[in-house]
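My numbering puts the first residue of the sequence shown at 99, with every later residue one more than the last. What follows is a single structure, written as structure tokens, with notes after it.
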Amino acid sequence: MAKVQIRYLLQILFAIVIAALGFFQMFARIDGGLPSNVLVMMIATAAMFIITWALIYRFQPYANQSIMACVFMLTALGILMIARIDAESDTRVASRQMIWMCIALVCCDVLFVCIRDYRILRRFSYVSMVVGLALLLSPMVPGLGREIGGARIWIGIGSYQLQPGEFAKLFLAFFFASYLFNHRDQLAVGGKKVFGLQLPRLKDLGPIIIVWITSMGVLIAQHDLGTSLMFFAMFVAMLYVATGRSSWILIGGIAFAIGCIAAARIFAHVGYRVEAWLHPFDPVIYNRYPGGSSQIVQGLFGLAAGGLFGTGLGQGHPAITPLANSDFIFASAGEELGLVGIFAILLLYLLIIAAGMVVAMKIKDGFGKLLASGLVFTMAFQVFTVVGGITLVIPLTGLTMPYMAAGGSSLIANYVLAALLVIMSNAANKPQVDTMSDTFRMEALSALQQRQQQKDTSRHSGATATAQVDEPGHTADMPVVPLAPRHGAHAAPPAPPVQDGEATEVFTPLRSTDATTGGDES
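Listed below in structure tokens is the structure:
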């Protein structure tokens, strides 16, 4: 156990060293040295990560801390690229991102200390539903919601802005896991078969219809394709895990495709994104505002400029792309780190996803399986939509890269997601009680001996009662009841005496046997 914890500590230290080398190299190229304020923040965040390791070791001893090591590496790379863009754009986003990172670590530490059993979340399933829907729809409240970049997905508190949809996905995942765990048997029942595919019954389509209507409402009201897509896809994926029926995936995919096609024809902002995806290099679409494809094309040229090994930290021009430190931070990293660098980033995400899937497979509780798989799929789907939108695989969705993109709400929400996976991995890796241990054998042997003694005692008391009945003083007072003769002329012979402990059987004498006895017995 100690060796495993030391290995986790070495992983954290390795991530800290790599991040420190990256910061020193970049600032040496652009400023000639590392600024003192950045050095202080780096030391503070590194110390907090070591404290987090110690808390996990103390309160979650069987947890997989490799998840947090990968998360730290991704966050460090993201802040590194944000600091690089700050140097070119004369902004101060990286220092705020480090502060948000420290707040996210504090939230994770609180969860590691307070939540020993993740199943407590199941008690608040409907509360989670109410909180999740309230957060999801809060940008529609007049005076509270703010529209930025054509999407109304923000709420404003003074000069600060918060994206509540990032936290809504966590609460809705709690509710979905609890609901599907309680109703998985009804939803797993199949109806008619169509082309070899077992379709669900019509009366079981209610949940997916409700979630579909809600997601379409988010798309229509908030102009946010990414949140509605992630919200609906998470529910369909958890529904498939709960029932094991691929028909739910087909129905969910068809339903969302119909909704998106209808929205693209009805609402201009959705149609603009589809046209920018299909024809990004068309001059008319490129120069159109709003809804042009200039941002996509500049991100593609940034990726192409990076080549195989990148231009090098501090030697590219990632700030040319709009929103280079948030929505398009993957393109910024590809320009300065190259194809090898972005493959390494995707590998880190893959390690987190694989660790989460292992947790979902190893955990015994059905609620835990659904929750772990839902959280992991949500993060994997978010990474896919961001990378797919930047590389023209799918239209842009407006989602941000987990752990890397600038933004406090996204960073804190995804850190909480990682912390929940770590807590569930502690339950999944906890050794089971050995039912064949020496203690168990001794207890089982003692129980068997007590049971045998009880049988002997009851048998002895039965034998004593029989002996009392056979005494002359007792039998003389007892009335003699003559045996009723059998039907016919013959009677059954008396049964031989049975010894204590022997099995007894009653046989009906045959007619031929009675004939040989010489008639009735007196």
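For glycine and all other residues, C-beta sits at the position ideal for the given N, C-alpha and C.
query, result
"Run through DSSP, which three-state label would Q320 get?", "helix"
"Out of A545, I488, F329, point me to the one whose CA is closest to M227's CA.", "F329"
"Check whether the segment 258-266 touches the segment 491-510, taking contact to mean three or more Cβ pairs, one atom from each stretch, closer than 8 Å.", "yes"
"Tell me the DSSP secondary structure of L260 in three-state form.", "strand"
"What are the partner residues of A271, as DSSP defines its beta bridges?", "None, per the DSSP bridge assignment."
"Can you grab the Cα-Cα spacing for the pair P381 / L446, in whole Å?", "37 Å"
"Determine, using beta-carbon pairs with one atom in the segment 543-559 and one in the segment 192-209, whether at least three such pairs fall under 8 Å.", "no"
"Which partner residues of G254 appear in the DSSP bridge assignment?", "Q259"
"What number of angstroms, rounded off, separates the C-alpha of V339 from the C-alpha of F274?", "11 Å"
"Could you spell out the range, first to last residue, of the alpha helix (DSSP H) harbouring I383?", "381-384"
"Let me confirm a value: F514 is counted as buried when at least 16 other C-beta atoms fall within 10 Å, else exposed. Which label applies?", "As written in the sequence, residue 514 is Val, which differs from the Phe given in the question. Counting Cβ neighbours within 10 Å, V514 comes out buried, since at least 16 surround it."
"To test your reading of the DSSP string, which unbroken alpha helix (DSSP H) runs of 4 or more residues are found completely within the segment 300-380?", "304-320, 323-341, 345-364, 366-376"
"What do you get for M336, buried or exposed, if any count of 16 or more other CB atoms within 10 angstroms of its CB means buried?", "buried"
"Would you give the residue range spanned by the alpha helix (DSSP H) that I698 belongs to?", "Since the displayed the chain opens at 99 and closes at 620, residue 698 lies outside it and no answer follows."
"Where does I141 sit, in a helix, a strand or coil, going by DSSP?", "helix"
"Between the Cα of V474 and the Cα atoms of I461, K462, I451, which residue gives the shortest distance?", "I451"
"Measure the C-alpha to C-alpha separation of S345 and V287 and round it to an integer number of angstroms.", "12 Å"
"Can you grab the Cα-Cα spacing for the pair L490 / L153, in whole Å?", "42 Å"
"Quick one: using the 10 Å Cβ neighbour count with 16 as the cut-off for buried, is H321 buried or exposed?", "buried"
"If you draw a straight line from the C-alpha of D184 to the C-alpha of S391, how long is it?", "24 Å"
"My guess is that E434 and G414 are in contact by the Cβ rule of under 8 Å, so how many angstroms apart are they, rounded?", "4 Å"
"So, is F426 buried or exposed, given that buried needs 16 or more other C-beta atoms within 10 angstroms?", "buried"
"Nearest by alpha-carbon distance to A360: which of M179, L317, F379, I307 is it?", "L317"
"Could you give the DSSP three-state label for A249: helix, strand or coil?", "strand"
"According to DSSP, simplified to helix, strand and coil, what is G60?", "In the structure as shown, the chain begins at 99 and stops at 620. Residue 60 is therefore absent and cannot be evaluated."
"Could you check whether I251 and T325 sit closer than 8 Å to each other, using their CB atoms as the reference points?", "yes"
"Using three-state DSSP, classify G176 as helix, strand or coil.", "helix"
"Please report the straight-line C-alpha distance between I128 and V456, rounded to a whole angstrom.", "42 Å"
"Answer with buried or exposed for K467, where buried requires no fewer than 16 other C-beta atoms within 10 angstroms of its C-beta.", "buried"
"By alpha-carbon positions, which one of D554, M522, Q550 ends up nearest to I218?", "M522"
"With a cut-off of 8 Å, do at least 3 Cβ pairs link the segment 156-168 to the segment 481-499?", "no"
"Are there 16 or more other CB atoms within 10 angstroms of the CB of P159, so buried, or fewer, so exposed?", "exposed"
"Taking just the CA atoms, how far does L234 sit from G357?", "19 Å"
"Could you give the distance in angstroms between the alpha-carbon of S187 and the alpha-carbon of F157?", "43 Å"
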